[in-house]
Amino acid sequence: MTDHIEELAELHALGILDPVERDLVDTHVAQCRVCLRRLGRAEQVVAKLESVNEPSEAPSTLSARLKDSLRVATMVTTPRRRPDVSMPLSLALAFALALGLLAAGSLWQGSRMRSAMDSDDMAFSAIAGSHFQHAPFLKMQTDAPTAKVLYSKKAGSWLYVVADSANPNLTVFAQGDGVNRELGTLRVHQRAATLFIDHPGKLAVLTIVDQSSKPLERARLR
């Protein structure tokens, strides 16, 4: 691999990459000082985000900047050659740019937000203000989009589904405690779609279905 890892550094630091992807990055940074420095900076930012205990007021422009970065990220259509990993470039850039802006925003924790904020603002705030885990959606159909779910380590606190799809008819269902219920429809941003749920309750399995209610893929929450 001759290219730099670029935004994969932030994804590695966030813990979003799967084992194969992490190994590719680790192998590359062992031979590339430029990427090693970038990975080190990304890990420092994540460590600072996790160490913040007192929430502070967010800059007034942070919400708009986060949404602008997501729109720019999802508009990329011709990526340069990079490691052969499963995370699509649009999702990778969205996460990486969001992380960079969150760090620039005085390490803002947004666990207490006004109700007028939209779901993506709440999602970025939740990611910055808490410890979280992630899980991939395993495809049940060949045409299922690549998707992952981020969710709080505090069971039932929040979850955030991201899919590499512009399909406006994808819906997320949840199973837990013997109940199957609809969480909501993914909201499309150019090429990517997201869904943030605050206090969804303790869940075991998430399923994405299409407009015909056909299950496309499934993720298990630990």
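Each position in the sequence shown, counted from 1, maps to that position plus 537 in this note's numbering. Glycine included, every Cβ here is placed at the ideal spot set by N, Cα and C.
Starting from the Cα of residue i, find the closest Cα among the options and give me that residue.
i: R728; options: S689, T683, A567, V716; result: T683
i: S749; options: G693, N704, G738; result: N704
i: T722; options: Q712, L561, T731, V716; result: T731
i: K739; options: E544, D680, A692, T708; result: A692
i: D701; options: T564, L551, C569, R724; result: R724
i: Q678; options: T564, G577, K751, L551; result: K751
i: L551; options: C569, R718, G577, Q568; result: G577
Compare the beta carbon distance of residue i and residue j with 8 Å and say whether it is the shorter of the two.
i: Y688; j: F669; result: yes
i: L753; j: A741; result: no
i: I734; j: W695; result: yes
i: R582; j: L573; result: According to the sequence provided, residue 582 is Val. The question's Arg does not apply to it. No, Cβ-Cβ distance for V582 and L573 is not below 8 Å.
i: L743; j: V698; result: yes
i: H671; j: I553; result: yes
i: V557; j: L545; result: no
i: N706; j: D680; result: no
i: P673; j: D560; result: no
i: V571; j: H541; result: yes
i: A579; j: E547; result: yes
So, under 8 Å CB-CB, residue i and residue j are touching, yes? Tell me the CB distance rounded to an integer number of Å.
i: L675; j: R755; result: 6 Å
I'd like the ranges of any beta strand (DSSP E) spanning at least 3 consecutive residues and lying wholly in the segment 671-709.
684-689, 695-700
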